[in-house]
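All remarks here apply to the structure that follows.
Residue numbers (the working numbering): 1 to 79.
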């Protein structure tokens with residue numbers, strides 16, 4: 001499974017935030033629930049339109065984001 005098969009980013013849906021395909025459920029909601037300690041089964045109970053594969057796709061998406069190169073801009077006079 002590739003997260004790209006389950007997560008979409010579309011400017012017309014939720015202001016371009018990544019959402020689970022076919023829903024208006026943002027990825028950050030799923031990640032926040034997991035970070036708050038909910039088990040995947042509890043998330044699925046709260047959002048019955050989701051599948052376990054959707055939850056795994058959210059985690060894979062988040063993991064990929066942490067691997068991206070981020071440029072650092074230095075403000076003048078601040079180091």
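All C-beta atoms in this analysis are idealised placements derived from N, C-alpha and C, irrespective of residue type, glycine included. Note that the structure is a prediction, hence the values are computed from the model and not measured.
Enumerate in chain order the residues of its own chain whose CB-to-CB distance from residue 31 is below 8 Å, with the five nearest sequence positions on each side excluded.
58, 59, 62
On the DSSP letters alone, give me the boundaries of the alpha helix (DSSP H) that residue 61 sits inside.
52 to 65
Whether residue 14 touches residue 24 by CB criterion (7 Å):
The Cβ-Cβ distance between residue 14 and residue 24 falls below 7 Å.
Leaving out five residues on either side along the sequence, give the residues of the same chain with a beta carbon under 8 Å from the beta carbon of residue 40.
34, 52, 55
How would you label residue 48, buried or exposed, when you count the other beta carbons within 10 angstroms and need 16 or more for buried?
Looking at its Cβ environment, which holds fewer than 16 other Cβ atoms inside 10 Å, residue 48 is exposed.
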